[in-house]
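Structure first, then comments.
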Amino acid sequence: DAGESGDLHTTVSRLAWKDLDWINDLSKDRETAEKPFYRQHSYRHMAKVLGHGTNYRGTPITMAKHTKIDRQTVAEFQGKYFAAFPGIPRWHAAVSIRLLHDGFLVSLTGRRRWFFGRRGDDATIREAIAFDPQGSVGDILNRGMLQVWRANICWLLLQVHDAILIEYPEQDEDKILPTALKLIEVPIELRHGRNLLIPSEAKVGWNWAEWDPRNPDKNPNGLKKWRGPGSDSRKRERRAKANIMDIKL
Numbered sequence: 268d269a270g271e272s273g274d275l276h277t278t279v280s281r282l283a284w285k286d287l288d289w290i291n292d293l294s295k296d297r298e299t300a301e302k303p304f305y306r307q308h309s310y311r312h313m314a315k316v317l318g319h320g321t322n323y324r325g326t327p328i329t330m331a332k333h334t335k336i337d338r339q340t341v342a343e344f345q346g347k348y349f350a351a352f353p354g355i356p357r358w359h360a361a362v363s364i365r366l367l368h369d370g371f372l373v374s375l376t377g378r379r380r381w382f383f384g385r386r387g388d389d390a391t392i393r394e395a396i397a398f399d400p401q402g403s404v405g406d407i408l409n410r411g412m413l414q415v416w417r418a419n420i421c422w423l424l425l426q427v428h429d430a431i432l433i434e435y436p437e438q439d440e441d442k443i444l445p446t447a448l449k450l451i452e453v454p455i456e457l458r459h460g461r462n463l464l465i466p467s468e469a470k471v472g473w474n475w476a477e478w479d480p481r482n483p484d485k486n487p488n489g490l491k492k493w494r495g496p497g498s499d500s501r502k503r504e505r506r507a508k509a510n511i512m513d514i515k516l
């Protein structure tokens, strides 16, 4: 439900920090979630970073080391997070038991993986917990990528775990992207008549760096989020301004 709410990290913030001024309006509650919580980080950012690490059985000590957040803050968040999502620690335990008993796991998309490390070791258990969500994302994306390829509407250049890189004639962007975004979405049937559908979005540009709306001349050919037909009127600048170091070199 949180994943399908429209804003996962704001929803997690509401569940983890119930004493804030929430009004159950997602757009307005996001403003509350963006308020400072720890140093320069907002509640929403903490929900994203700490929630992700907690999903994969990160301990307060390990997560404090990687995120530069003190151990007590991480531990307090995890207590609230597991109270909001009690199914997650149950899933961690189920994966550990299955690994110990069978030595292999089968993912949501039907892929079987054997684990050759010591089955009770923390490192092996963490690998096993990450296997299904990380592996299934790759499998689902590959199915969508195959659908895009079969439609023959663009040139398929690269798969990047949870994204694909495509190329097409500039003038056909508003026609091709809606079709490609639809094709890459692959519903997976779950129990109890529910479907998992990972939404897709696109960024457009002529290089890998981001386009900055606050400084549009810095990288005019950079990546910009595509928000629908007519949302990006840029044309490629063949002679973008060179950095002084480029000129020197």
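This note's numbering puts the sequence shown at residues 268 to 516. Ideal placement from N, C-alpha and C gives every residue a C-beta, glycine not left out.
How many whole angstroms separate the CB atoms of residue i and residue j, which I take to be in contact at a CB cut-off of 8 Å?
i, j, result
"residue 453", "residue 411", "5 Å"
"residue 276", "residue 331", "Not really, about 20 Å apart at Cβ, beyond 8 Å."
"residue 448", "residue 433", "No, residue 448 and residue 433 are not in contact; Cβ-Cβ is about 11 Å, not under 8 Å."
Just the C-alpha distance for residue i and residue j, rounded to the nearest angstrom, thanks.
i, j, result
"residue 408", "residue 360", "28 Å"
"residue 425", "residue 285", "42 Å"
"residue 451", "residue 419", "13 Å"
"residue 320", "residue 505", "42 Å"
"residue 389", "residue 288", "39 Å"
"residue 400", "residue 458", "16 Å"
"residue 290", "residue 326", "32 Å"
"residue 479", "residue 444", "22 Å"
Nearest to residue i by CA position, among the options, is which residue?
i, options, result
"residue 487", "464, 473, 495", "473"
"residue 392", "467, 367, 455", "367"
"residue 369", "384, 270, 304", "384"
"residue 324", "395, 443, 459, 479", "395"
"residue 377", "502, 413, 455, 485", "455"
Leaving aside the five residues before and after residue i along the sequence, list all residues of the same chain whose C-beta is less than 6 Å from its C-beta, in chain order.
i, result
"residue 492", "470"
"residue 273", "293"
So is residue i buried or exposed if we call it buried at 16+ other beta carbons inside 10 Å?
i, result
"residue 446", "exposed"
"residue 481", "exposed"
"residue 495", "exposed"
"residue 307", "exposed"
"residue 499", "buried"
"residue 431", "buried"
"residue 475", "exposed"
"residue 483", "exposed"
"residue 296", "buried"
"residue 415", "buried"
"residue 373", "exposed"
Could you pull out every residue in the same chain whose Cβ sits closer than 7 Å to the Cβ of residue i, ignoring the five residues on either side in sequence?
i, result
"residue 381", "370, 371"
"residue 429", "404, 408"
Can you list, in chain order, the residues of its chain with a C-beta nearer than 8 Å to that of residue i? Leave out the 5 residues immediately preceding and following it.
i, result
"residue 305", "313, 336, 340"
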